[in-house]
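Working notes, structure below.
There are 2 protein chains.
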Amino acid sequence: MANFADVAKQFVEFYYHQFDADRKQLAPLYILTIRQRENSMLTFESASIAGVGGIVEKLSCLPFEKVKHAVSTLDAQPSENGGILILVTGALLVDEEERSMNYSQAFQLLPDGAGSYFIYNDIFKLVFG
Amino acid sequence: MANFADVAKQFVEFYYHQFDADRKQLAPLYILTIRQRENSMLTFESASIAGVGGIVEKLSCLPFEKVKHAVSTLDAQPSENGGILILVTGALLVDEEERSMNYSQAFQLLPDGAGSYFIYNDIFKLVFG
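Set out below in structure tokens:
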């Protein structure tokens, strides 16, 4: 299995690329294929959702069409049970807005038992000020 | 055991209170008393340290005397093995500086097996822009 820092970097690149291209297609990232007891969680601007169905509906219904994330920093640590904790800071630009908004996002990835990872925890927060 | 959101709130209040009062005294928060195999981790401005000795030395040697954290937002989720993932955004003011700096900090707390929690993951990042 790859080094946790490499996995974190690849995950972050893929996640925001897919989010900006077509965020409805993020569902597979939140689905666990083996350990069915797990329930992925998203907290988006303090609204909490559990389960991939609700998460993808929430992401799909966000009030913008176009979005572009720019990652500024990415830090990762190994966590329990082979997991990876990631803290991203960055900026995003939506639709025709000219001013970007700063955000922070924490992910916890867990191994899916099939050689890959899924998103177990996802906390997104805009940063003002 | 208390609700994860209550634990997160109490932890965050205590952590920054203790940090601002005397950060050398944070050591007990990073020490696990029961499961000795665990090794707490801190990533501070992208420098990574494992183990409570190194963590407390790092925090003690930060290049400021006085510091005051102001938490803006706190979001928490339950994580694996009874853990709690927390994302804090806030601002901090050091020494005689008049301008505060924004920061984001992700913590993962794990149960210590004795009814309380310790910090297993800690990622701190200043946010510019």
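If you read the protein sequences in the order shown, they are chains A and R.
Here the first sequence stands for residues 1 to 129, numbered as in our numbering.
Here the second sequence stands for residues 1001 to 1129, numbered as in our numbering.
Note that beta-carbon positions come from the ideal geometry of N, C-alpha and C, so glycine has one too.
Apart from the 5 residues on each side of it in sequence, residue 1008/R sits with its Cβ closer than 7 Å to the Cβ of 1074, 1076, 1084, 1086 in its chain, given in chain order. Taken residue by residue, none of the stretch 1003 to 1025 of chain R has a beta-carbon sitting less than 8 Å from a beta-carbon on chain A. Each residue's CA atom was taken as its position, placing residue 1017/R and residue 28/A some 41 Å apart. Every unbroken stretch of the alpha helix (DSSP H) spanning 4 or more residues and falling wholly within the stretch 15 to 54 of chain A is given here in chain order: 27 to 30. Of all residues in the stretch 1043 to 1069 of chain R, those with a C-beta nearer than 8 Å to a C-beta of chain A are 1043, 1046, 1048, reading in chain order. For residue 121/A, the number of other beta carbons within 10 angstroms of its own is at least 16, and it is reported as buried.
For the C-beta of residue 1119/R, not a single chain A residue is nearer than 8 Å; the gap to the nearest is close to 11 Å.
Contact between residue 81/A and residue 1098/R does not hold, since the beta-carbon distance rounds to 45 Å and is not under 8 Å. Within the same chain, Cβ atoms closer than 8 Å to the Cβ of residue 92/A are found at 67, 68, 69, 70, 100, 101, 103, the five residues on either side in sequence being excluded. In the structure shown, residue 3/A falls within a coil segment according to DSSP collapsed to helix, strand and coil. Looking at 107/A, 22/A, 125/A, 127/A, the one whose alpha-carbon comes closest to that of residue 57/A is 22/A. Here DSSP, grouped into helix, strand and coil, assigns residue 104/A to strand. In this structure residue 46/A is not in contact with residue 30/A, their Cβ atoms being roughly 19 Å apart against a cut-off of 8 Å. Look at residue 1041/R: its C-beta is under 7 Å from a C-beta on chain A.
The Cβ atoms of residue 107/A and residue 44/A do not sit closer than 7 Å to each other. Check the Cα spacing between residue 1012/R and each of 1126/R, 1127/R, 1117/R: the tightest is with 1117/R. Note: residue 1091/R is bridge-paired with 1070/R, 1102/R in the DSSP secondary-structure output.
Around the beta carbon of residue 1109/R, a 10 Å sphere encloses 16 or more other beta carbons of the protein chains shown; the residue is thus reported as buried. Residues of chain A with a Cβ closer than 8 Å to the Cβ of residue 1110/R are, in chain order, 80. Going by beta carbons, residue 1072/R and residue 1051/R fall outside the 7 Å limit.
Pairing residue 26/A with residue 14/A, the inter-Cα distance amounts to about 10 Å.
Assignment of residue 1008/R by DSSP, reduced to helix, strand and coil, places it in the helix class.
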